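Asker: Pasting in a structure now, in structure tokens, and then I'll have a few things to ask.
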Amino acid sequence: MLTGKPILITGASSGIGLATAMACSRIGMPVALSARRKDRLDEAAARINQAGGQAIAIRCNVVSKEDCADAVKQTIDAFGSVYSVFANAGYGYEAPVATMDEAKLRDIFEVNFYGSLNIIWAAMPHLQHRKEGHILWCSSGLSKISLPNFAAYSATKAAQDHFGRAMRIELLGTGIHCSTVHPITTETEFSTGVEAVSGKSRGTLRTPRSARQSAETVADAIVKCLESPKGEVWTSFSARASLALATLCPGLADWVLARRHQNLIREVEQDG
Ligand SMILES: NC(=O)c1ccc[n+]([C@@H]2O[C@H](COP(=O)([O-])OP(=O)(O)OC[C@H]3O[C@@H](n4cnc5c(N)ncnc54)[C@H](OP(=O)(O)O)[C@@H]3O)[C@@H](O)[C@H]2O)c1
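With the numbering used here applied, the sequence shown covers 7 to 278.
As structure tokens, then:
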């Protein structure tokens, strides 16, 4: 029963974070929406409050430990406690390893990985004091395999996955759950963000429409996991099965990925 149990979400100004805020509010959870674009958060929080839910908007850059501590404090001040933290803020960077920009590599780790830790560390003392809670890391299907030109992003998602698993086991029996979320390609502002950071697309994120999911699909799976905690949240059985096969047969996985990579190079060249 999650009614009245507050959730703090990073990266809630768009995409998966925003959809999760809406879905959590529909089951009666007070929601603290955080991100950098405060205007968007204000608008979303107003929509939730007008619909009879409870929401606050908090400007928070996850790279800043001070912002993260303040986000937890504001959530507790508004709702009396924090039950769940969804470390969701993140972005992608597309570049080959050999010529990758080191500053961009370090920045994506600062946001996706250390940013997740910053908000989780800020909330942990409170959760441990209450002896209950649920930490969620927004990892990715790419935590289990790296795509060519997407090594930096995949590495941040693998780091989240590893920390999430270790933490889940460390916290067994404490009343605090820890789950990792592994979306496949999701229709959000993510690809626009990748181009803003990386320049002209190399096509890594091209996927047939049938292989894409909505942010609401991911949000619904997260709500189910909050209601009935489990370690990993997957929204595509075929993706999960393919990734398991890729781990079992790395040579086959390389062959498939290399063919896809060559096809993408041709397609991008043809598109000019
Ligand atoms: N879309 C996909 O295909 C996909 C697949 C697997 C996993 N994911 C993961 O899902 C998560 C959400 O991405 P999305 O697809 O929903 O993309 P999105 O619509 O671009 O959302 C990204 C969110 O992260 C926030 N953000 C970025 N940098 C931040 C920072 N330094 N501090 C605080 N917030 C920051 C953005 O808000 P502001 O700009 O307002 O700060 C935005 O709310 C990411 O962790 C991503 O890796 C996405």
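Using N, Cα and C, we set each Cβ at its ideal position, and we do this for glycine too. Just so you know, these numbers come straight off a predicted model, no measurement behind them.
For S70, which residues in the same chain have their Cβ closer than 8 angstroms to its Cβ, ignoring the five residues on either side in sequence?
Answerer: Closer than 8 angstroms at the Cβ level, and outside the excluded window around S70, lie N124.
Asker: Let me know the secondary structure DSSP gives L14 once reduced to three states.
Answerer: If DSSP states are grouped into helix, strand and coil, L14 belongs with the strands.
Asker: Which whole-angstrom value describes the C-beta separation of I126 and V91, a residue pair presumed to lie in contact below a C-beta threshold of 8 angstroms?
Answerer: The pair is a contact, with the Cβ atoms about 6 angstroms apart (cut-off 8 angstroms).
Asker: CB of R53 to nearest heavy atom of ligand 1: below 6 angstroms?
Answerer: Outside the cutoff, so no.
Asker: Assuming contact is defined by CB atoms lying nearer than 7 angstroms, are R65 and K44 in contact in what I supplied?
Answerer: Yes, the Cβ-Cβ distance between R65 and K44 is below 7 angstroms.
Asker: Starting from the Cα of L142, find the closest Cα among T105, A161, D167 and A29 and give me that residue.
Answerer: The shortest C-alpha separation from L142 is found at D167.
Asker: Measuring from the CB of V88, is there a heavy atom of ligand 1 at a distance below 6 angstroms?
Answerer: Flag unset: Cβ of V88 not near ligand 1.
Asker: Identify whether D139 lies in helix, strand or coil by the three-state DSSP scheme.
Answerer: Rather than Asp, the amino acid found at residue 139 in this sequence is Gly. Strand at G139.
Asker: Throw me the rounded Cβ distance for the T16 and A41 pair, which I believe falls under 8 angstroms.
Answerer: With 8 angstroms as the limit, T16 and A41 qualify as a contact, their Cβ atoms being about 7 angstroms apart.
Asker: By the DSSP assignment, the beta strand (DSSP E) with F92 in it spans what residues?
Answerer: Element bounds for F92: S90 to A93.
Asker: Here's a check: name, in chain order, each residue in its chain whose Cβ is nearer than 8 angstroms to the Cβ of A129, leaving out the five neighbours to either side.
Answerer: Taken in chain order, the residues that qualify are L14, V78, V88, V91, G139 and I141.
Asker: Cβ atoms of G21 and E222: under 7 angstroms apart, would you say?
Answerer: No, these two residues do not count as a Cβ contact at 7 angstroms.
Asker: Taking the C-alpha atoms as reference points, what is the distance between V224 and D76?
Answerer: Those two C-alpha atoms are separated by around 27 angstroms.
Asker: So, A95 versus V68, is the Cβ gap smaller than 7 angstroms?
Answerer: A contact, by the Cβ cut-off of 7 angstroms.
Asker: Would you say I22 touches ligand 1, meaning its beta carbon is less than 6 angstroms from a heavy atom?
Answerer: It does: the Cβ of I22 is within 6 angstroms (strictly closer) of some heavy atom of ligand 1.
Asker: Can you name the start and end residues of the beta strand (DSSP E) that L39 belongs to?
Answerer: Taken as a continuous stretch (DSSP letters only), the beta strand (DSSP E) holding L39 covers V37 to A41.
Asker: With 16 other CB atoms within 10 Å as the buried threshold, where does E100 fall?
Answerer: It counts as buried.
Asker: Please report how far the alpha carbon of K137 lies from the alpha carbon of L148, in whole angstroms.
Answerer: Answer to the nearest angstrom: the Cα atoms are 32 angstroms apart.
Asker: Could you tell me the distance, in whole angstroms, from the CA atom of S31 to the CA atom of D48?
Answerer: Straight-line Cα distance between these residues: approximately 15 angstroms.
Asker: Just grab the DSSP bridge partners of Q219 for me.
Answerer: Q219 pairs with T192.
Asker: Please determine if the stretch 183-194 and the stretch 224-238 are in contact, where contact requires at least 3 C-beta pairs separated by less than 8 angstroms.
Answerer: A contact exists between the stretch 183-194 and the stretch 224-238.
Asker: CB of G6 to nearest heavy atom of ligand 1: below 6 angstroms?
Answerer: There is no way to answer for residue 6, as the model of the chain reaches only from 7 to 278.
Asker: Is it buried or exposed, H183, if we count other Cβ atoms within 10 angstroms and call 16 or more buried?
Answerer: So H183 counts as buried.
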